[in-house]
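Visitor:
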Amino acid sequence: MATAVPGFKLGHVSDQEALTGCTVILCPPKTRGSCDVRGNSPGSRELSLLAPEKSMQEVHAILLTGGSAFGLRAADGVVQWLLEHSIGYQTPWAKVPIVPGAVIFDLNVGSNTTWPTAEDGYDACSKASDGPIEEGNVGAGTGAMVGKWRGIEFATKGGFGSASASIGDLIVHVVAVVNAVGDVVDKNGTIIAGARDKHGIFVGSDERVRKFARGGRLETSNTTLVVAATNASLTKLDCHKVSQRMHDGMARAIVPVHTTYDGDVTFTLSHGVVSADLDLVAELAADLTAEAIRRGVSPPTGDG
Numbered sequence: 206m207a208t209a210v211p212g213f214k215l216g217h218v219s220d221q222e223a224l225t226g227c228t229v230i231l232c233p234p235k236t237r238g239s240c241d242v243r244g245n246s247p248g249s250r251e252l253s254l255l256a257p258e259k260s261m262q263e264v265h266a267i268l269l270t271g272g273s274a275f276g277l278r279a280a281d282g283v284v285q286w287l288l289e290h291s292i293g294y295q296t297p298w299a300k301v302p303i304v305p306g307a308v309i310f311d312l313n314v315g316s317n318t319t320w321p322t323a324e325d326g327y328d329a330c331s332k333a334s335d336g337p338i339e340e341g342n343v344g345a346g347t348g349a350m351v352g353k354w355r356g357i358e359f360a361t362k363g364g365f366g367s368a369s370a371s372i373g374d375l376i377v378h379v380v381a382v383v384n385a386v387g388d389v390v391d392k393n394g395t396i397i398a399g400a401r402d403k404h405g406i407f408v409g410s411d412e413r414v415r416k417f418a419r420g421g422r423l424e425t426s427n428t429t430l431v432v433a434a435t436n437a438s439l440t441k442l443d444c445h446k447v448s449q450r451m452h453d454g455m456a457r458a459i460v461p462v463h464t465t466y467d468g469d470v471t472f473t474l475s476h477g478v479v480s481a482d483l484d485l486v487a488e489l490a491a492d493l494t495a496e497a498i499r500r501g502v503s504p505p506t507g508d509g
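Taking the numbering used here, the leading residue of the sequence shown gets 206, the next gets one more, and so forth.
In structure tokens form, the structure reads like this:
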């Protein structure tokens, strides 16, 4: 699937040995954006600038990265690449690239001493294109897992997924990094990726309830990250509203979602002049969020 909304580009860097990586979404000029954080354990960069009441009206790139807090240094490379291409918010003294970012925790999957670097962030920008988007265990989804509520040894590969739709001139494109405590389910509620028993069979909701009832700590570091881009002409507040509704899509595809152990974040980016009803954009984004999450786990690719 290619980048559906004109002007946006996406690039992955994947380390299939350390099982980590990062993904960068480059935005066209004057892109507006906002976000919504529902998880209790988020790791992020510059998200406060995206709050609808803040004055900043530009976003130049979004970084999604593995490596937990260590991976946020990949943003330095994104900033450097943008500077070299004269992209940034113009001040009287310099252009300042606005690069919000969010992380997943993958240190318990591959290497816990190797994580995305500034060079990786730079390389992801250099590789960014509007061509076909690779899905599965790539980029920020390289070390992603799902169904970790039963323990990492019983979890299933997560990954990176992409989905888009258009109605008339309106286009919405969603990408997701799926690294959840919960299981991923299809439209009928059937588990398609999640916690398994020792025989490799999905264990389902009854065992999940018993696990929570017994108490004790779960796998404590998990997150699903989702980015929607659209050619609808949205205000920053509109982008925030769409980001809120995208969590409905998470709830359709992940059970349970937004747990104490997740750091779920949704982003919405707007660049275009298409006039569209806000509820239409939001519902498309929510539906595509669920689809992108499901595509991220089926089929998985890469090692691990």
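Don't be surprised by glycine CBs; every beta carbon is placed ideally from N, CA and C.
Grouping DSSP H, G and I as helix and E and B as strand, with all else coil, what is A274?
Guide: Taking the first residue of the sequence shown as 1, we reach residue 274 at position 69. Three-state result, A274: helix.
Visitor: Could you tell me which uninterrupted alpha helix (DSSP H) segments, each at least 4 residues in length, are contained entirely in the stretch 329-362, listed from first to last along the chain?
Guide: As far as the stretch 329-362 is concerned, it has no whole alpha helix (DSSP H) run of at least 4 residues.
Visitor: Can you give me the Cβ contacts of L483 inside the same chain, cut-off strictly under 6 Å, excluding the 5 residues immediately before and after it?
Guide: Residue 483 sits at position 278 when you count from the first residue of the sequence shown. Around L483: D443.
Visitor: Just to confirm my understanding: we take A418, look at its own chain, exclude 5 residues before and 5 after, and list those with CB closer than 6 Å. What are they?
Guide: Taking the first residue of the sequence shown as position 1, residue 418 is located at position 213. A caution first: A418 carries a pLDDT of 48, below 50, which makes its placement in the model unreliable, though a value can still be read off. Taken in chain order, the list of residues that qualify is empty.
Visitor: Between the alpha carbons of E258 and F359, how many angstroms are there, rounded?
Guide: Walking along the sequence shown from the start, residue 258 turns up at place 53. Walking along the sequence shown from the start, residue 359 turns up at place 154. When rounded, the distance between both Cα atoms is 43 Å.
Visitor: Near V479, what residues of its chain come up, given a Cβ to Cβ distance below 7 Å and the 5 sequence neighbours on each side ignored?
Guide: Against the sequence shown, residue 479 aligns to sequence position 274. For V479, where only same-chain residues beyond five positions count, the Cβ hits under 7 Å are D374, L375, N436, A437 and S438.
Visitor: Might you give, ordered along the chain, the residues of its own chain that have their beta carbon closer than 7 Å to the beta carbon of A274, omitting 5 neighbours on each side?
Guide: Position 69 of the sequence shown, counted from the start, is the residue given in the question as residue 274. The answer, listed in chain order, is G248 and V308.
Visitor: How many whole angstroms separate the CB atoms of L269 and A280, which I take to be in contact at a CB cut-off of 8 Å?
Guide: Locating residue 269 in the sequence shown gives position 64, counting from the first residue. Locating residue 280 in the sequence shown gives position 75, counting from the first residue. So it is not a contact: roughly 11 Å between Cβ atoms.
Visitor: Alpha carbon to alpha carbon, how far is M251 from T471?
Guide: Translated into positions along the sequence shown, residue 251 becomes position 46. Translated into positions along the sequence shown, residue 471 becomes position 266. Sequence check: residue 251 is Glu here, not Met. Rounded to whole angstroms, E251 to T471 spans 14 Å at the Cα level.
Visitor: How far does the alpha helix (DSSP H) with G513 in it extend, from its first residue to its last?
Guide: The structure shown has nothing for residue 513, since the chain only spans 206 to 509.
Visitor: Mapping the DSSP letters down to three states, classify H476 as helix, strand or coil.
Guide: As a first step, residue 476 is located in the sequence shown; it is residue number 271 there, counting from the start. It is a strand residue.
Visitor: Strictly under 8 Å for the Cβ-Cβ distance: is R355 near chain D by that measure?
Guide: In the structure shown, chain D cannot be found, because there is only a single protein chain.
Visitor: Start and end of the alpha helix (DSSP H) containing H404?
Guide: As a first step, residue 404 must be located in the sequence shown, where it is residue number 199. Looking at the DSSP string, H404 is not in any alpha helix (DSSP H), and its letter there is neither H nor E.
Visitor: Short of 7 Å in beta carbon distance, which residues of its chain neighbour C232, apart from the five on each side in sequence? Order them along the chain.
Guide: In the sequence shown, residue 232 corresponds to position 27, counting from 1. Excluding positions up to five away in sequence, the list reads F213, V264, H265, A266, L474 and H476.
Visitor: Out of V431, K362, Y466 and S371, state which residue places its alpha-carbon closest to the alpha-carbon of P211.
Guide: Translated into positions along the sequence shown, residue 211 becomes position 6. That would be S371, whose Cα lies nearest to the Cα of P211.
Visitor: Compare the beta carbon distance of G315 and E340 with 8 Å and say whether it is the shorter of the two.
Guide: Against the sequence shown, residue 315 aligns to sequence position 110. Against the sequence shown, residue 340 aligns to sequence position 135. Not in contact: G315 and E340 (Cβ atoms no closer than 8 Å).
Visitor: Given E496, which residues of its chain have a CB within under 7 Å of its CB, disregarding the five upstream and five downstream residues?
Guide: The residue labelled residue 496 in the question sits at position 291 within the sequence shown. If we look at E496 and ignore the five residues flanking it on each side, its Cβ neighbours are A368.
Visitor: Please return the same chain residues whose Cβ sits closer than 6 Å to the Cβ of A456, not counting the five positions on each side in sequence.
Guide: Translated into the one-based positions of the sequence shown, residue 456 becomes position 251. Excluding sequence neighbours, A456 sits near V462.
Visitor: R450 lies in the alpha helix (DSSP H); which residues open and close that run?
Guide: Residue 450 sits at position 245 when you count from the first residue of the sequence shown. Here the alpha helix (DSSP H) through R450 covers K441 to A458.
Visitor: Considering only their Cβ atoms, is the gap separating W320 from G276 smaller than 8 Å?
Guide: The residue you call residue 276 lines up with position 71 of the sequence shown. The residue you call residue 320 lines up with position 115 of the sequence shown. In this structure, W320 lies closer than 8 Å to G276 by Cβ.
Visitor: Suppose contacts are defined by Cβ-Cβ distances below 8 Å. Is V379 in contact with T465 by that definition?
Guide: Along the sequence shown, one-based indexing puts residue 379 at 174. Along the sequence shown, one-based indexing puts residue 465 at 260. It is not a contact, given that the beta carbons lie outside the stated cut-off.
Visitor: The beta strand (DSSP E) that contains D220, what's its start and end?
Guide: Stepping through the sequence shown from its first residue, residue 220 is reached at position 15. K214 to D220 is the span of the beta strand (DSSP E), which, as asked, contains D220.
Visitor: Helix, strand or coil: how does DSSP classify Y327 here?
Guide: Counted from its first residue, the sequence shown places residue 327 at position 122. Correct three-state label for Y327: helix.
Visitor: Suppose you measure from the CA of A209 to the CA of G352; what does that come to, to the nearest Å?
Guide: Here the question's residue 209 lines up with position 4 in the sequence shown. Here the question's residue 352 lines up with position 147 in the sequence shown. Using only the alpha carbons, I get a separation of about 30 Å.
Visitor: Can you tell me where the alpha helix (DSSP H) holding L489 begins and where it ends?
Guide: One-based indexing of the sequence shown puts residue 489 at position 284. It spans L483 to V502 - the alpha helix (DSSP H) in which L489 sits, taken as one unbroken run.
Visitor: Round the Cβ separation of V343 and A381 to the nearest angstrom and send it over; I've been treating them as touching at under 8 Å.
Guide: Locating residue 343 in the sequence shown gives position 138, where the first residue counts as 1. Locating residue 381 in the sequence shown gives position 176, where the first residue counts as 1. Going by Cβ atoms, the distance from V343 to A381 rounds to 13 Å, so no, they are not a contact pair.
Visitor: Do C240 and A329 have their CB atoms nearer than 8 Å?
Guide: Residue 240 sits at position 35 when you count from the first residue of the sequence shown. Residue 329 sits at position 124 when you count from the first residue of the sequence shown. No, these two residues do not count as a Cβ contact at 8 Å.
Visitor: Name the DSSP bridge partner or partners of G468?
Guide: Counting from 1 along the sequence shown, the entry for residue 468 is found at position 263. In DSSP, G468 forms no bridge with anything.
Visitor: Straight-line CA distance for L288 to K300?
Guide: On the sequence shown, residue 288 is found 83 positions in, with the first residue counted as 1. On the sequence shown, residue 300 is found 95 positions in, with the first residue counted as 1. Taking the straight line joining both Cα atoms gives about 7 Å.
Visitor: Taking buried to mean at least 16 other C-beta atoms within 10 Å of its own C-beta, is N393 buried or exposed?
Guide: As a working note, residue 393 is residue 188 in the sequence shown. It is exposed - the Cβ of N393 has fewer than 16 other Cβ atoms within 10 Å.
Visitor: Could you check whether V377 and V229 sit closer than 8 Å to each other, using their CB atoms as the reference points?
Guide: One-based indexing of the sequence shown puts residue 229 at position 24. One-based indexing of the sequence shown puts residue 377 at position 172. Going by C-beta atoms, V229 is not nearer than 8 Å to V377.
Visitor: Measuring alpha carbon to alpha carbon, tell me which residue in A490, T428 and G468 is nearest G454.
Guide: In the sequence shown, the residue the question calls residue 454 occupies position 249. It is A490 whose Cα lies nearest to the Cα of G454.
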